[in-house]
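Read the structure below first, then the notes.
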Amino acid sequence: MITNTNQGLPPHLIRSSYSHTMATLPPIKCGSLQDNKTTRPPPVHPNNRYHSPHDFPALAKVVPALADYFLKAPDGHLTLNFAEPDAVRLLNKALLLRDYGLKHWDIPAGNLCPGVPGRLDYIHVLADLLDGKKGKEIKGLDVGTGASLIYPILGHKEFGWRFVGTDVDDTSLKVASAIAKFNPGLAKAISLRKQPDRTAIFNNVIHEGETFDFTICNPPFFESAAAAAAAAEKKWTKLGKAPSPTLNFGGQANELWAPGGEPDFLRRMIRESVAFGQQVGWFTTLVSKKGYLKIAEVEFGKAGITDYRVIGIGQGGKIRRVLAWRGK
Ligand SMILES: C[S@@+](CC[C@H](N)C(=O)[O-])C[C@H]1O[C@@H](n2cnc3c(N)ncnc32)[C@H](O)[C@@H]1O
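So this is what it looks like as structure tokens:
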């Protein structure tokens, strides 16, 4: 039913145009945010193009440096040394160049490196929420787009969506902007906005009267820069690498923290979403821990938000959760 609250919205944002059914991926549970083992999601979204193991020699033809990280698995098959962050960065680069036709993509060594297949699952979950709608009239807001610009790239290349990407980090915005600039088509479809306040999510970056079909977010999870730096350092030390400016601990640590960590980020996002309920179709975010769903449920209760759901992503044998809700 089209209600008065839809007045003034562009047709594609009118509430009644959204389906409540999940086309391909079962929600973990709607209406109550407890994980339910009986609706365990499939390991990869059915529409994800990366179902088969990667052909590493073919990818090394695109990015030759990838061959430096080839490993023979105990059963003799060729794999990649995934423990090396640089191997993952080069693999992503090869996938983005070969499969998405990018001319240029790179991020500083040591910066948060997105796994393309996993990030793509979230994009397909969004496509399900939007009933598979494609094209430039669909517009998303990527909160914390990072240096990699990964969600806008995948969303635009897979579905032709337009994006506004936000970030608090100047270096990330600079790198993301260079990626967009060097790839024909991306700069037209993606614009970047600096979030000047680390404690704000939608305030400052959603303009008056502006509408988005969805928001997407892989939130920062540490509660302080020091905690993020310590975790990054531990990881690198485990790999036998000493801290060095080229490994850019600071860069990664800066990407991974928010005041109060992920729980407070989630609380702030839900609280702020109330004021933008008429400007955004679906608010969504990744939730790293099952326990955080309870936090969301409490916030939804306080805000009077009743239309929400959790959608499972089963990437890499681990359950991840996309939390999605709509304003009143
Ligand atoms: C976990 S990273 C995700 C980066 C990228 N989207 C990805 O999935 O690889 C979180 C990002 O959020 C940014 N960030 C932190 N607080 C933010 C805020 N209040 N608004 C926008 N971005 C923020 C960080 O700088 C970082 O780039």
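Just so we're aligned: 115 in full-length UniProt numbering is position 115 of the sequence shown, and the numbers increase by one with no gaps anywhere. Ideal Cβ placement from N, Cα and C applies to all residues, glycine included.
Kindly indicate which three-state DSSP category residue i falls into: helix, strand or coil?
i: A58; result: helix
i: D169; result: coil
i: S288; result: coil
i: I153; result: helix
i: F163; result: strand
i: S191; result: strand
i: A143; result: The amino acid at residue 143 is misidentified as Ala; the sequence shows Val. V143 falls in the strand class under three-state DSSP.
i: F214; result: strand
i: L90; result: helix
i: F276; result: helix
i: F221; result: coil
i: L256; result: coil
i: L102; result: coil
i: L96; result: helix
i: G281; result: strand
i: G209; result: coil
Residue i lies in the alpha helix (DSSP H); which residues open and close that run?
i: R267; result: 261 to 273
i: L120; result: 116 to 129
Which residues in the same chain have their Cβ closer than 6 Å to the Cβ of residue i, if we skip the five residues on either side of it in sequence?
i: R98; result: V62
i: P220; result: L256, W257, A258
i: S273; result: F283
i: L186; result: A180
i: F202; result: E272, F276
Where does the unbroken beta strand (DSSP E) through residue i begin, and where does it stop?
i: A65; result: Where A65 is concerned, there is no enclosing beta strand (DSSP E), given that its DSSP letter is neither H nor E.
i: A324; result: 320 to 325
i: Y308; result: 308 to 313
i: L71; result: 70 to 72
i: L78; result: 78 to 80
On a CA-only basis, which of the options is nearest residue i? Give me that one, please.
i: K93; options: F202, K289, I179; result: I179
i: N47; options: D121, P53, L102, L96; result: D121
i: E84; options: L96, F70, D75; result: F70
i: L102; options: P152, F82, D131; result: P152
i: H156; options: S191, D167, D131, E233; result: S191
i: V116; options: A67, H54, L129; result: H54
i: I138; options: G144, T145, L129; result: L129
i: L286; options: A58, F56, R309, S177; result: R309
i: A227; options: N218, F214, G261, I206; result: G261
i: A324; options: V44, A127, N111; result: A127
i: D68; options: Y50, S52, V88; result: V88
i: T215; options: R162, A231, E233; result: R162
i: G281; options: K134, G140, V125, G135; result: G140
i: F300; options: N183, I319, K188, R271; result: R271
i: L154; options: I311, R321, F82, L95; result: L95
i: A275; options: R49, R320, V44, V205; result: V205
Can you find the residues in the same chain that come closer than 8 Å, C-beta to C-beta, to residue i, ignoring five residues on each side of it along the sequence?
i: L78; result: F56, P57, F70, L71, K72
Beta-carbon within less than 7 Å of residue i's beta-carbon, same chain only, minus the 5 sequence neighbours each way: which residues are those?
i: L173; result: D167, L192, K194
i: Y292; result: E262, P263, L266
i: L80; result: F56, Y69, F70, L71, A87, L91
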